[in-house]
Amino acid sequence: MDARVPLSHSLWSPYDTVKDAADSLGINLPDEAAKNLAMDVEYRIHEILELSIKFMRHSKRKLLTTSDISQALKVLNVEPLYGYDNFQPLDFKETMVGAGGQTLYYIDDHEIEFEKLINQELPKVPRQTTFTAHWLAVEGVQPMVPQNPLPQDIKNLPPIMRGATSSILGNDILSLANNTTTDEKKEGKDEKKKTTDKELQNKPLVKHVLSKELKLYFDKVVEVLVSQDPEKENLKNAALTSLKNDPGLHQLVPYFIQFVAEQITNQLRNINILMTMLEVISALVDNKTIFLDPYVHALMPCILTLLLAKRIGPIIKDTDSEENQHLLESQLSVREFAAIMLEHIIKIYGNSYTTLRPRITRTLLKALLDSTKPIGTQYGALLGLKNMGNEVIKLVLIGNLKIWYKTIIETNENEFEKNILINTVLEILRKLKVEIKGADEDEDMDKDVSEDIKSKLIERIGEPLSKLILEQDDSKEIIRGIFFGEISV
């Protein structure tokens, strides 16, 4: 009866392999120990192979390499094998072993001369890993940097390769081109074909994809905003609240601005629509989730139009009747709202656009000194300069009040309109008031304005406005504000 231990079903079967390795080292290993050691080696090899296969699969490969084995050994905290790579094919050689002529295949190890290895040139030092960043586009505009393609190269590409699938008119390029080609074949006109191709090349093509939900939202909001039905007033307020508070509306901003511009252009006689459009602008500006900086220059023409336009609302031929006076006041209220929005936008975006404030100031001053402009434009220009700040009032407005009074007020025969403009100027000058705080305040108020100060005031703003200011109860504070920092009043 054979007393040998049963063979193990391992890669190391039979376990004689372990005994042969032990005998070569001069170790007398019992059969039972050899069996247990063979099974432990089998377990370790299985563990390394499973982990190596994981590295292979995560590398999207189907061939197991020596690098996978090395990574597995590192993870298992086992010293990896050195000197093995799979970059060169293995060179097997054949030899005969023993008296029976058993064939044995072995790997031919190339002999390397040590001196040759020492004297050969060292490999080049690898370049240090670096990262470079550049702007592909800033607010939809591609900067001129070497990493970006030139505009000429982009224009030479066909629209489809540029990513454009629809034109600014909302027409699909592919279907439009196909329909054009079909019509040309039917009609057989070469001139129409050349014209159509030229138009398609010159049109700026953009790709702007809106979801169905955003399109539905835009259509519903626009429908409510232009509605004149009093029953939909609650829906209009809800739409304005949504524009003011809801996030995720950034894709619709250019569409809302275009909608506001179209309504202001086409509905200058409708006071309610104009007030609603100003409320839309206010809601968009107050929405903190919308980045409105790129659209400021598109909003300014809308606001300046409502502030300085010659005619807003129905045409008023005569302001003597009380009804027409109320109608004029309602038109001026639109300009007041526009002036408030102008001040709000300059306060928020004035630091981002340094040229915004001086350009608007020049526009307002030009409209103020134009004698051909009606009272609405004059009133809007005064309100705009008032909201630009005390510095603009002192440097720009006060210096031109004498000329303005002669060219505008003295040539206007309507007392109602003249009173509106003069009272507005008085309110603006009252904004500069400087009050005296101290024990001598009452004594100082009892003193009259000196003749020297009166003459300087007349020289600064003209005699009619000077008389009007001197008749006011707070005349000394107003004069002190006009000459603040120049003379003591």
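According to full-length UniProt numbering, the sequence shown holds residues 1 to 489 in order. Don't be surprised by glycine CBs; every beta carbon is placed ideally from N, CA and C.
With respect to the 9 angstroms criterion, residue 378 and residue 421 are classified as neighbours on the basis of their beta carbons. For the 9 angstroms CB-CB criterion, residue 461 and residue 402 form a contact. Residue 365 carries a helical assignment under DSSP once its states are collapsed to helix, strand and coil. Counting only runs of 3+ residues, no beta strand (DSSP E) is found wholly inside the segment 4-58. Put simply, the backbone Cα of residue 30 is about 18 angstroms away from that of residue 42. Within the same chain, Cβ atoms closer than 8 angstroms to the Cβ of residue 59 are found at 68, the five residues on either side in sequence being excluded.
DSSP places residue 353 in the coil class of the three-state scheme, outside both helix and strand. Shown here for residue 330: same chain residues with a beta carbon closer than 8 angstroms to its own, the five before and five after excluded, namely 271 and 313 in chain order.
Per the Cβ contact rule, the segment 328-347 is not in contact with the segment 391-402 (fewer than 3 Cβ pairs under 8 angstroms).
Residue pairing for residue 102: DSSP places it in a beta bridge opposite 97. Closest by C-alpha distance to residue 32, out of 40, 26 and 51, is 40.
Secondary structure of residue 259 (DSSP, three-state): helix.
For residue 66, the uninterrupted alpha helix (DSSP H) segment begins and ends at 66-75. Comparing alpha carbon positions, the residue from 94, 16 and 108 closest to residue 102 is 94. Taking C-beta separations shorter than 6 angstroms and ignoring five residues to either side along the sequence, the partners of residue 18 in its chain run 34, 37 and 38, following chain order. DSSP links residue 92 through a beta bridge to 107. Using a Cβ distance threshold of 9 angstroms, residue 470 and residue 449 count as a contacting pair.
Residue 334 carries a helical assignment under DSSP once its states are collapsed to helix, strand and coil. When beta bridges are read from the DSSP output, residue 141 appears opposite 138.
Excluding the 5 residues flanking it on each side, residue 235 has same chain C-beta neighbours closer than 6 angstroms at 224, in chain order. Under the three-state reduction of DSSP output, residue 244 falls in the helix class.
Excluding residues up to 5 positions away in sequence, 405 lie with their Cβ nearer than 7 angstroms to the Cβ of residue 464 in the same chain. Between residue 412 and residue 369, the C-beta spacing is not below 9 angstroms. Rounded to whole angstroms, the gap between the alpha carbons of residue 21 and residue 27 is 9 angstroms. Across the structure, residue 425 and residue 480 are spaced so that their CA atoms are roughly 16 angstroms apart. A Cβ-Cβ contact shorter than 9 angstroms links residue 361 with residue 388. Residue 418 and residue 376 have their C-alpha atoms spaced approximately 12 angstroms apart. For residue 377, the secondary structure class from DSSP, reduced to helix, strand or coil, is helix. Beta-carbon to beta-carbon, residue 414 and residue 319 are separated by about 6 angstroms, close enough to satisfy the 8 angstroms threshold. In the displayed model, residue 315 falls within coil according to three-state DSSP, outside both helix and strand. Per DSSP, reduced to three states, the secondary structure at residue 276 is helical. Restricting attention to 262, 277, 297 and 248, the CA atom closest to the CA of residue 288 is found in 248.
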